[in-house]
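Residue numbers (the numbering used here): 106 to 541.
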Amino acid sequence: MKVLKFGGTSVGSAARIKDVANLVCDGEQKIVVLSAMSGTTNSLVEISDYFYKNNMSGALEKINMLEQKYFSTIDELFSTEKYKLECTEIIKSHFEYIRSFSKSVFTVFEEKAILAQGELLSTAMFHLYMLENEKSSALLPALEFMRIDKNAEPDTAYIAEHLAKYVEENACADILITQGYICRNFYGEIDNLQRGGSDYTASLIGAAINAAEIQIWTDIDGMHNNDPRIVEGTQPVRMLHFEEAAELAYFGAKILHPTCILPAKLNNIPVRLLNTIEPKAPGTLISNQIVKGKIEAVAAKDNITSIKIKSGRMLLAHGFLRKVFEIFESYRTPIDMVTTSEVGVSVTIDNTKHLDEIVNDLKKFGTVTVDSDMVIICVVGDMPYENVGFQAEVVNALKDIPVRMISYGGSNYNISFLIKAEDKNKALNALSKNLF
Ligand code: ADP
Ligand code: ASP
Ligand code: MG
106 MKVLKFGGTS
116 VGSAARIKDV
126 ANLVCDGEQK
136 IVVLSAMSGT
146 TNSLVEISDY
156 FYKNNMSGAL
166 EKINMLEQKY
176 FSTIDELFST
186 EKYKLECTEI
196 IKSHFEYIRS
206 FSKSVFTVFE
216 EKAILAQGEL
226 LSTAMFHLYM
236 LENEKSSALL
246 PALEFMRIDK
256 NAEPDTAYIA
266 EHLAKYVEEN
276 ACADILITQG
286 YICRNFYGEI
296 DNLQRGGSDY
306 TASLIGAAIN
316 AAEIQIWTDI
326 DGMHNNDPRI
336 VEGTQPVRML
346 HFEEAAELAY
356 FGAKILHPTC
366 ILPAKLNNIP
376 VRLLNTIEPK
386 APGTLISNQI
396 VKGKIEAVAA
406 KDNITSIKIK
416 SGRMLLAHGF
426 LRKVFEIFES
436 YRTPIDMVTT
446 SEVGVSVTID
456 NTKHLDEIVN
466 DLKKFGTVTV
476 DSDMVIICVV
486 GDMPYENVGF
496 QAEVVNALKD
506 IPVRMISYGG
516 SNYNISFLIK
526 AEDKNKALNA
536 LSKNLF
């Protein structure tokens, strides 16, 4: 069985929802994971923000606006009064639930419950549309089988066991619809897999049922070789290795959520990126096959801070790096890039929540310099060190740009550069011009 995930724009209007319904009905049983309609999760974040600020009239105004959007969508979506009425009642109940938070204390728990409403709405509407059109389908409640553990990692055993039950119960239905993004946590509370996490839902489900393929349907024809929002004339990459795709997703290629490759890779399930607007386009196939010796794509990760620790005492001192890394570990702050020399070490982080404490602790070991507003530019492809020339090609493309750090050798699949945020667009364009 395949798992197909449709993102926000793919279900962003009545017309798009109808397209998805046509696209999935091909006689084969499949699991269809849906995001919230585009803009909905952002609106729910905004509504929560009003609740946090105790601005009830602001919250209610935004809630009413969002609800209206749903009413006009279903007006166009359904052709019979029966289903329109049924869906109206469902929408009303979700929005009444959201409004009910105006009467309670508002914390992160209430926010997560509100954020879950987008996917609950889109899947309920889609299911009713399928029923209206007499297409065989069932709605699987993600909140009953998607679960994260105490460390916010997916509880894969729980997911597999509980999902199997729902799949079995609905064996006669062709299209098994479920919500992306939302889950319950270790304590049974409503939680989520972080923004953009519907991709992760799809790959976790794919792994749980040992799917034949995981398809991520979005608004572009696959992974492009550079960020299409910044560089003109980017081209789709037809094939990527799991490792290459993971690097690109982690280092900023928004088309994929960074965590979504791992479950597919571990279970060797191919992932295909496809375009809802152009379903016949080949898209990108991500698998364990590599195109030998090819630089495939470039991506950029924003909001990076670099920290340099310079110490005379590092000379021949074992244990220096351990002490430095332990400080980041103690503040649960992941490091992305590392470069070393005999007198010091530079690292980058993207979570600056504990930056002040980290810098304070690092000062015990040397002189500390912090650069904020930096960007990691990541060049991805099959680049084993025996292949000569590729480093020169990449460095040459960046010859007019000040580079703060360079990292290669952690894997054969990536060379990373740290540059100033203000140079990002220039760097991405220069790399496309020189490499592709
Ligand atoms: P969805 O709502 O379907 O999850 P996203 O907005 O999360 O869609 O991801 C698709 C968007 O990712 C595209 O519209 C595109 O602008 C952006 N994007 C950024 N980098 C890339 C890339 N390298 N290849 C393709 N799309 C990219
Ligand atoms: N709806 C969620 C978001 O906007 C999850 C997703 O779209 O993947 O972040
Ligand atoms: Mg997305």
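The beta-carbon is built from N, C-alpha and C at its ideal position, and this holds for glycine as well.
Predicted model, so just to flag it, every value in this text is computed and none were measured.
Item                                                                                                            : Value
Residues bridged to Ala405 [DSSP beta-bridge criterion]                                                         : Ile482
Ligand 3 heavy atom lying under 6 Å from the CB of Gly117                                                       : no
Pairwise C-alpha distance: Gly424 and Gly471                                                                    : 14 Å
Alpha-carbon to alpha-carbon, Ala247 and Asp296                                                                 : 11 Å
DSSP state of Leu345 mapped onto helix, strand, coil                                                            : strand
Per-residue DSSP class, three states only, for Arg437                                                           : coil
Heavy atom of ligand 3 within 6 Å of Gly144 beta-carbon                                                         : no
Glu294 at chain D interface by Cβ criterion, 7 Å                                                                : Chain labels in this structure do not include chain D; a single protein chain is all it has.
Supposed contact pair Thr453 and Leu523 - C-beta distance, whole angstroms, cut 8 Å                             : 6 Å
C-beta atoms of Ala316 and Lys110 nearer than 7 Å                                                               : no
Span of the alpha helix (DSSP H), counted from its first residue to its last, around Leu190                     : 186-205
Any non-hydrogen atom of ligand 3 within 6 Å of Gly327 CB                                                       : no
Proximity test, Arg121 beta-carbon vs ligand 2 heavy atom, cut-off 6 Å                                          : no
Closest residue to Ile360 among Gly417, Arg300, Leu371, Lys370 (Cα-Cα distance)                                 : Arg300
Val137 and Ile319 closer than 7 Å at C-beta                                                                     : no
Burial state of Gly311, where buried means 16 or more other Cβ atoms lie within 10 Å                            : buried
Beta-carbon spacing of Lys189, Ile196 below 7 Å                                                                 : no
Opening and closing residue of the alpha helix (DSSP H) in which Glu214 lies                                    : The amino acid occupying residue 214 in the given sequence is Phe; Glu does not appear at that position. That run of the alpha helix (DSSP H) goes 213-220.
Outcome for Thr185 when other beta-carbon atoms lying within 10 angstroms are tallied against a minimum of 16   : exposed
Reduced DSSP category for Asn519 - H, G, I as helix; E, B as strand; rest coil                                  : strand
Those runs of the beta strand (DSSP E) which lie wholly inside the stretch 323-405 and span at least 3 residues : 344-346, 376-380, 389-392
First through last residue of the beta strand (DSSP E) which encompasses Val137                                 : 135-139
Contact the stretch 374-382 vs the stretch 110-129: 3+ CB pairs below 8 Å                                       : yes
Beta-carbon proximity check, Thr228 vs Met328, cutoff 7 Å                                                       : no
In DSSP terms, what Ile314 is bridged to                                                                        : Answer by DSSP bridge pairing: none, since Ile314 is not bridged.
Length of the line joining the Cα atoms of Arg334 and Asp407                                                    : 14 Å
Limits of the beta strand (DSSP E) - the one that Val508 falls within                                           : 508-513
Burial state of Pro439 (16 or more Cβ within 10 Å)                                                              : exposed
Beta-carbon proximity of Gly338 to Ala404, cut-off 7 Å                                                          : no
The stretch 207-222 contacting the stretch 154-168, beta-carbon criterion three pairs below 8 Å                 : yes
Beta-bridge pairing of Lys525 - partner residues as DSSP gives them                                             : Met479
Beta-carbon gap between Met479 and Asn517 smaller than 7 Å                                                      : no
Rounded separation between Ala120 and Leu171 - CA only                                                          : 18 Å
Near ligand 5: Gly112 beta-carbon under 6 Å from a heavy atom                                                   : As far as ligands go, the structure on display features ligand 1, ligand 2 and ligand 3 and does not contain ligand 5.
Straight-line gap, Met510 to Ile482 (C-alpha atoms, nearest Å)                                                  : 10 Å
Classification of Thr474 by the beta-carbon crowding that lies within 10 angstroms, buried from 16 upward       : exposed
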